[in-house]
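J.: Before anything else, here's the structure in question.
In full-length UniProt numbering, the protein residues as written are 1 to 422.
Here it is as structure tokens:
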């Protein structure tokens with residue numbers, strides 16, 4: 001088939017494009033003019049052309065990525081597709097129809113999804129079950145983020161967001177037989193006007209589970225009648241990661257996978273890139289990269305680092321990318337999130353014209369919430385210079401960012417300075 005993907009550069013659409021190409025389809029895509037690694041390099045390596053294919057009837061199927069509305073080019077192309085009555089499907093529906101299988105496992109919740117999804121996939125692979133799957137991140141164990149197989153098993157990272165052509169939570173499109181829900185925080189305020197609306201989405205997901213007879217809860221609390229602690233040797237740090245491992249191992253054991261395979265898989269599991277990932281250790285300074293933006297996730301990440309390195313000062317390089325951070329009301333909780341760090345360097349706050357001036361968060365708002373340990377440095381060169389002049393032996397620098405390459409490039413320059421320093 002000739003398949004063209006709108007908004008091809010994304011955690012869902014790029015891996016999908018690579019898999020479709022691997023299966024023998026002719027794949028092309030559309031995106032904004034300026035695209036960045038890793039998506040740009042992955043697509044280029046696979047020889048998938050971008051922005052070179054005009055909308056035409058010779059394309060057998062158009063897959064519409066969730067971000068198509070955010071890009072003028074793809075928004076215009078979708079109008080052409082509908083005007084010409086060409087065949088199309090949303091990326092969400094494509095996942096639901098071609099990746100989700102009879103034994104469908106969904107991993108949902110506000111945090112932990114990517115780590116648990118990848119671990120479940122890793123266990124099922126080692127059990128020779130050959131699942132179809134979709135992971136919203138890149139496993140360090142070096143297997144693809146998405147694969148389609150003939151196996152009756154599938155594992156999908158199931159997000160609650162509503163975007164693109166979606167009219168309800170993404171996880172409500174996917175068939176489900178087994179589910180892990182890690183948490184139900186009200187993160188996507190742009191999708192759900194109230195927390196009640198957010199919780200209703202999760203209730204609807206639970207109601208989809210066929211013949212629900214047993215609900216397994218995993219957490220720490222006296223109200224939970226059955227509890228188990230993960231004593232399986234593993235390479236991940238942090239209490240939240242041990243809970244993630246407990247969730248994956250409990251589900252896989254419940255599905256009949258031998259305990260030996262589960263324990264061996266967990267012992268060899270390396271985690272996800274940009275999830276508490278150590279990316280350098282030079283001059284006795286540790287550099288960690290993490291995707292977190294939510295205060296709860298940031299607190300958990302910092303707490304995990306603090307437990308692992310109790311005597312090391314922690315400094316933070318924070319890039320505010322998540323949409324909820326761009327509003328004044330979205331800053332609640334960041335004081336607690338950064339309570340164990342010495343300083344927080346805040347990079348440039350993105351401007352969004354859809355947020356009114358009265359609601360838009362400013363550096364002053366961040367300072368008011370976090371306190372004097374926050375320093376606003378909107379220029380990358382200034383951030384680079386700051387950390388080159390201020391980091392000391394035993395320091396840990398944690399970079400929190402969920403998008404863009406500017407911050408990562410700045411971090412690499414900082415690391416490279418200490419790497420080459422004599």
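Where a beta carbon is used, it is the ideal one built from N, C-alpha and C, also for glycine.
Counting Cβ pairs, one atom from each stretch, are 3 or more of them under 8 Å apart for the stretch 264–271 and the stretch 309–316?
T.: Contact between the stretch 264–271 and the stretch 309–316 is absent, because fewer than three Cβ pairs lie under 8 Å.
J.: Can you list, in chain order, the stretches of the beta strand (DSSP E) that have 3 or more residues and sit fully within the stretch 86–115?
T.: Complete beta strand (DSSP E) runs here, min 3: 88–90, 103–108.
J.: What are the start and end residues of the alpha helix (DSSP H) that includes residue 190?
T.: As a first step, residue 190 is located in the chain shown; it is residue number 190 there, counting from the start. Where residue 190 is concerned, there is no enclosing alpha helix (DSSP H), given that its DSSP letter is neither H nor E.
J.: Check residue 82 in the structure and name its three-state DSSP category.
T.: Locating residue 82 in the chain shown gives position 82, counting from the first residue. Correct three-state label for residue 82: helix.
J.: By alpha-carbon positions, which one of 360, 354, 177 ends up nearest to residue 103?
T.: For the purposes of this step, residue 103 is identified with residue 103 of the chain shown, where counting begins at 1. Answer by Cα proximity: 177.
J.: CA-CA distance, residue 38 and residue 394?
T.: Here residue 38 refers to the residue found at position 38 when the chain shown is read from its first residue. Here residue 394 refers to the residue found at position 394 when the chain shown is read from its first residue. Each residue's Cα considered, the two are about 31 Å apart.
J.: Would you identify the three-state DSSP class for residue 321, choosing helix, strand or coil?
T.: Start at 1 with the first residue of the chain shown, and residue 321 comes out as number 321. DSSP places residue 321 in coil when its eight states are reduced to three.
J.: Give me the DSSP bridge partner(s) of residue 27.
T.: For this step, residue 27 is matched to residue 27 along the chain shown. Bridge partners of residue 27: 3.
J.: Touch check for the stretch 77–89 and the stretch 105–114: three-plus C-beta pairs under 8 Å?
T.: Judged by Cβ distances under 8 Å, the stretch 77–89 makes no contact with the stretch 105–114, as fewer than three pairs qualify.
J.: For residue 298, count neighbouring Cβ atoms within 10 angstroms of its own Cβ and tell me buried if that reaches 16, exposed if not.
T.: Taking the first residue of the chain shown as position 1, residue 298 is located at position 298. Residue 298 is buried by the Cβ-count criterion.
J.: What does the alpha-carbon distance come out to for the pair residue 63 and residue 203?
T.: By one-based count along the chain shown, residue 63 stands at place 63. By one-based count along the chain shown, residue 203 stands at place 203. So the alpha carbons of these two residues sit roughly 29 Å apart.
J.: Would you mind reading off the limits of the alpha helix (DSSP H) that contains residue 326?
T.: Indexing the chain shown from 1 puts residue 326 at position 326. From DSSP, residue 326 is part of no alpha helix (DSSP H); its letter is neither H nor E.
J.: Please name the residue, chosen from 91, 251, 320, 173, that lies closest to residue 291 on a Cα-to-Cα basis.
T.: On the chain shown, residue 291 is found 291 positions in, with the first residue counted as 1. Closest option to residue 291, Cα to Cα, is 320.
J.: Per the DSSP calculation, residue 134 is bridged to which residue(s)?
T.: Taking the chain shown and counting its residues from 1, one reaches residue 134 at position 134. For residue 134, which the question treats as bridged, DSSP gives the partners 146, 156.
J.: Contact check, residue 391 vs residue 401 under 8 Å by CB: the rounded distance?
T.: Taking the first residue of the chain shown as 1, we reach residue 391 at position 391. Taking the first residue of the chain shown as 1, we reach residue 401 at position 401. So it is not a contact: roughly 18 Å between Cβ atoms.
J.: Counting pairs of beta carbons, one from the stretch 282–290 and one from the stretch 146–160, are three or more of them closer than 8 Å?
T.: Short answer: they don't touch.
J.: One question on the structure: do residue 348 and residue 313 come within less than 8 Å of each other, judged by their Cβ atoms?
T.: The residue you call residue 348 lines up with position 348 of the chain shown. The residue you call residue 313 lines up with position 313 of the chain shown. The answer is no: Cβ separation not under 8 Å.
J.: For the stretch 160–171 against the stretch 28–47, do three or more pairs of beta-carbon atoms, one drawn from each stretch, fall closer than 8 Å, so that the two count as touching?
T.: These segments do not touch.
J.: According to DSSP, which residues form a beta bridge with residue 278?
T.: Taking the first residue of the chain shown as position 1, residue 278 is located at position 278. Note: residue 278 sits in a beta bridge opposite 288.
J.: Using a Cβ-Cβ cutoff of less than 8 Å, which residues in the same chain neighbour residue 151 once the five nearest sequence positions on both sides are dropped?
T.: For the purposes of this step, residue 151 is identified with residue 151 of the chain shown, where counting begins at 1. The answer, listed in chain order, is 101, 129, 130, 131, 132.
J.: I think residue 334 touches residue 279, with their Cβ atoms under 8 Å apart; what is that distance to the nearest whole Å?
T.: The residue labelled residue 334 in the question sits at position 334 within the chain shown. The residue labelled residue 279 in the question sits at position 279 within the chain shown. Between residue 279 and residue 334 the Cβ distance is about 24 Å, and since that is not below 8 Å, they are no contact.
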